[in-house]
Amino acid sequence: MKFSRIIQGCMTWGVWGKQFNEQQMIETMNHCIDQGVTTFDHADIYGDYTTEGEWGNAFAKANISRDHIQIISKCGIQMKGDARAENTIKHYQYDKEYIISSAERSLKELRTEYLDLFLLHRPSPLLEPDEVHEAVSQLQHQGKIKDFGVSNFTPRGIDLVATKSKVSANQIEISITERSSLTDGTLDYIMAHQITPMSWSPLGSVFREDTPQNIRIKNKLKELGAKYDATDDQLLLAWLLKHPANIHPVIGTTSKDRITNAVQAVAINLERKDWFELLEASTGEEVA
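When the letters of the sequence shown are read in order and numbered with this note's numbering, they come out as residues 32 to 319.
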């Protein structure tokens with residue numbers, strides 16, 4: 032397996048979240064690795080373009096072998112107000128020069144010579160497959176990226192990119208409360224084309240608001256928690272992990288206890304009927 036089954040998202044390590052200092056970043060990196068979470072997910076924009084650099088500075092002092100971890104980054108979103116580019120509007124950019132410069136900047140910031148996976152962050156209506164292919168080919172030829180993929184792309188969007196470049200992964204929103212990829216053909220496509228699916232926001236909205244849907248889900252989780260001796264977040268991850276597409280959840284927590292819990296979810300094998308009971312709790316009706 033190229034990536035750990037549970038992937039550690041780093042979006043909230045910096046100013047967009049916990050504002051870790053260098054030592055806290057080092058401690059959290061080591062805790063992840065000790066638990067078997069060896070893949071770290073980044074994007075150039077995280078922390079208003081600051082988190083990759085802070086993470087990289089910590090990594091350089093952490094005495095962690097680069098061969099023992101995998102680093103993912105993403106490019107393409109241009110944030111409004113970015114002083115570096117004088118952006119007056121949020122937009123997407125995927126010309127050859129920008130893709131290459133973004134990858135090279137991430138390499139510099141993350142203090143690494145290569146990325147294990149480099150993703151296009153969001154689909155753009157102005158995306159040109161030839162431009163993407165030329166950039167990706169050059170980066171791979173130079174050994175700066177190992178694999179290439181996309182994020183938030185539909186099957187048709189992947190097809191457009193894949194006419195020129197091999198797509199190895201698609202990072203999309205999948206959870207008990209965001210199930211569209213289960214029924215719109217996205218996961219079917221991913222399985223048929225041997226693409227690795229990665230799930231951002233894998234716990235969905237269950238713990239964010241008390242909607243009728245989430246109350247039903249929480250009641251079912253309470254019932255199943257006793258059966259499996261598992262926490263609610265572990266069961267929600269186990270629900271995703273049960274899917275045959277081999278989904279890799281990208282967890283956003285920075286809590287060491289919750290990171291440990293997430294890893295333990297890999298060992299939970301939900302019975303088929305329990306998987307469908309959670310699905311029914313989410314939809315509010317039995318399957319057709």
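Ideal Cβ positions, reconstructed from N, Cα and C, are used throughout, including at glycine.
With respect to the 8 Å criterion, residue 35 and residue 84 are not classified as neighbours on the basis of their beta carbons. When rounded, the separation of the alpha-carbon atoms in residue 59 and residue 49 is 12 Å. Inter-residue distance for residue 89 and residue 125 is about 29 Å (C-alpha atoms, whole angstroms). Between residue 39 and residue 63, the CB-CB gap stays under 8 Å. The beta carbon of residue 161 sits closer than 8 Å to those of 195, all from its chain and outside the five residues before and after it, given in chain order.
Around the beta-carbon of residue 149, 16 or more other beta-carbon atoms lie within 10 Å, marking it buried. Per the C-alpha coordinates, the member of 107, 304, 291, 37 positioned closest to residue 163 is 107. Between the alpha carbons of residue 278 and residue 216 lies a gap of roughly 15 Å.
Assigned with DSSP and collapsed to three states, residue 101 falls in strand.
A Cβ-Cβ contact shorter than 8 Å links residue 199 with residue 179.
Residue pairing from DSSP places residue 231 in a beta bridge opposite 204, 281.
The C-beta distance from residue 175 to residue 223 rounds to 29 Å, too long to fall under 8 Å, and the pair is not in contact. The three-state reading of DSSP puts residue 125 in coil, since its state is none of H, G, I, E or B. In this structure residue 309 is in contact with residue 270, their Cβ atoms being roughly 5 Å apart against a cut-off of 8 Å. Apart from sequence neighbours up to five positions away, the residues of its chain that approach residue 263 with a beta-carbon distance below 6 Å are 252, ordered along the chain. In this structure, residue 206 sits near residue 230, with a CB-CB distance shorter than 8 Å. The DSSP-derived three-state label of residue 301 is coil.
Nearest to residue 55 by alpha-carbon distance, out of 228, 285, 227, 299, is 285. DSSP, read as helix, strand or coil, puts residue 181 in strand. DSSP lists 39, 102 as the beta-bridge partner residues of residue 71. Rounded to the nearest whole angstrom, the C-alpha separation of residue 282 and residue 301 is 20 Å. CA-to-CA, the gap between residue 220 and residue 193 works out to about 13 Å.
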